[in-house]
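Engineer:
Residue numbers (the numbering used here): 1 to 233.
What follows is the structure, encoded as structure tokens:
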């Protein structure tokens, strides 16, 4: 027990030294190792709102070993997103981003710099230009007509219509036809592409031990998260 205690004491001393030498935003009291994870509760958005009333619109939370700046007002958000946008332009590379986005090399997670500027330029010119968007208008028109036909069929048969699923299906069909050249919609409107996209989005929101505690990435192997990421990739 002596060695872990010495390591923990050294770690806390290092944190106190950094806090004294750096002007940091206010923060609630934190626990050793886990930091402020215990403050989030089962409804993080409500917990963060309650903390912001006490500590202000700008506060620093340590989620495990990951320092996280929490912004809770429009004025402070404007300062960060407009006045100091260059400083806050980068995004942290999560475990899911490493697995699904080739180490964070896509336009959403690539670090701000020349590579990101070139990727963004390519997206704007080759994917999102007015000419390119118009060239795929027929795809959007066909998918909208298909959706309207499905709604009519459901009404004729007096069945309930889940608009959320229908709109999500149209969106996924348009994306898959534009990006991959075909729709993956199967029987009863189910789409392989849609199901895979849903799985991937859920994995992006999963708690990863490696994101909070980099040295404990092996825990994600034990929980099956890493295997699930590799399977869906």
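Ideal placement from N, C-alpha and C gives every residue a C-beta, glycine not left out.
#1: Evaluate contact between the region 25-34 and the region 56-75, counting only Cβ atoms and requiring at least three cross-stretch pairs below 8 Å.
#2: Is it the case that the Cβ atoms of residue 220 and residue 230 are separated by a distance below 8 Å?
#3: Between residue 52 and the rest of its own chain, which residues show a CB-CB distance below 6 Å, the 5 nearest in sequence each way excluded?
#4: How would you label residue 109, buried or exposed, when you count the other beta carbons within 10 angstroms and need 16 or more for buried?
#5: For residue 81 and residue 112, what's the separation of their Cα atoms in angstroms?
#6: Using only the alpha-carbon positions, how far apart do residue 202 and residue 224 sit?
#7: In or out: residue 214 buried (at least 16 other Cβ within 10 Å) or exposed?
#8: Using alpha carbons as the reference points, say which of 145, 152, 136, 197 lies closest to residue 168.
#9: Run the CB neighbour count on residue 36, radius 10 Å, all protein chains shown included, and call it buried at 16 or more, exposed below.
#10: Whose CA, out of 192, 50, 96, 173, lies closest to the CA of residue 144?
#11: Can you tell me whether residue 67 is helix, strand or coil according to DSSP?
#12: In angstroms, rounded to a whole number, what distance separates the CA positions of residue 138 and residue 183?
#13: Which residues does DSSP pair with residue 59 in a beta bridge?
#14: Looking at residue 150 and residue 166, is the spacing between their C-beta atoms short of 8 Å?
#15: If we ignore side chains and look at the alpha-carbon of each, how far apart do residue 228 and residue 105 end up?
#16: Taking the alpha helix (DSSP H) that residue 167 belongs to, which residues open and close that run?
#17: Is the distance from the Cβ of residue 60 to the Cβ of residue 69 below 8 Å?
#18: Determine the direct distance from the alpha carbon of residue 192 to that of residue 162, and round the result to whole angstroms.
#19: When the Cα atoms are used, what is the spatial distance from residue 107 to residue 84?
Structural biologist: On the basis of the coordinates in this document:
#1: yes
#2: Numbered from 1 along the chain shown, position 220 holds the residue referred to as residue 220. Numbered from 1 along the chain shown, position 230 holds the residue referred to as residue 230. No, Cβ-Cβ distance for residue 220 and residue 230 is not below 8 Å.
#3: Taking the first residue of the chain shown as 1, we reach residue 52 at position 52. Within the same chain, residue 52 has close Cβ partners 72.
#4: Residue numbering aside, residue 109 sits at position 109 when the chain shown is read from its first letter. With 16 or more other Cβ atoms within 10 Å, it is buried.
#5: As a working mapping, residue 81 is identified with position 81 in the chain shown. As a working mapping, residue 112 is identified with position 112 in the chain shown. Residue 81 and residue 112: Cα-Cα distance of roughly 14 Å.
#6: For this step, residue 202 is matched to residue 202 along the chain shown. For this step, residue 224 is matched to residue 224 along the chain shown. Straight-line Cα distance between these residues: approximately 14 Å.
#7: The sequence position of residue 214 within the chain shown is 214, counting from 1. Residue 214 comes out exposed.
#8: Position 168 of the chain shown holds residue 168. Looking at the Cα atoms, 197 is the closest of the given residues.
#9: The residue given as residue 36 occupies position 36 in the chain shown. Label assigned to residue 36: buried.
#10: On the chain shown, residue 144 is found 144 positions in, with the first residue counted as 1. Of the candidates 192, 50, 96, 173, the one whose C-alpha sits nearest the C-alpha of residue 144 is 173.
#11: Here residue 67 refers to the residue found at position 67 when the chain shown is read from its first residue. In this structure, residue 67 counts as strand in the three-state DSSP scheme.
#12: Here residue 138 corresponds to residue number 138 of the chain shown, with the count starting at 1. Here residue 183 corresponds to residue number 183 of the chain shown, with the count starting at 1. Cα-Cα distance, rounded: 14 Å.
#13: By 1-based counting over the chain shown, the position of residue 59 is 59. Answer by DSSP bridge pairing, in chain order: 70.
#14: In the chain shown, residue 166 corresponds to position 166, counting from 1. In the chain shown, residue 150 corresponds to position 150, counting from 1. In this structure, residue 150 lies closer than 8 Å to residue 166 by Cβ.
#15: Reading the chain shown from its first residue, position 228 is the one you call residue 228. Reading the chain shown from its first residue, position 105 is the one you call residue 105. Whole-angstrom Cα-Cα distance: 21 Å.
#16: As a working note, residue 167 is residue 167 in the chain shown. Element bounds for residue 167: 163-180.
#17: Within the chain shown, numbered from 1, the residue matching residue 60 stands at position 60. Within the chain shown, numbered from 1, the residue matching residue 69 stands at position 69. For residue 60 and residue 69, yes; Cβs fall inside 8 Å.
#18: On the chain shown, residue 162 is found 162 positions in, with the first residue counted as 1. On the chain shown, residue 192 is found 192 positions in, with the first residue counted as 1. Going from the Cα of residue 162 to the Cα of residue 192 covers about 18 Å.
#19: Taking the first residue of the chain shown as 1, we reach residue 107 at position 107. Taking the first residue of the chain shown as 1, we reach residue 84 at position 84. For residue 107 and residue 84, the distance between alpha carbons rounds to 20 Å.
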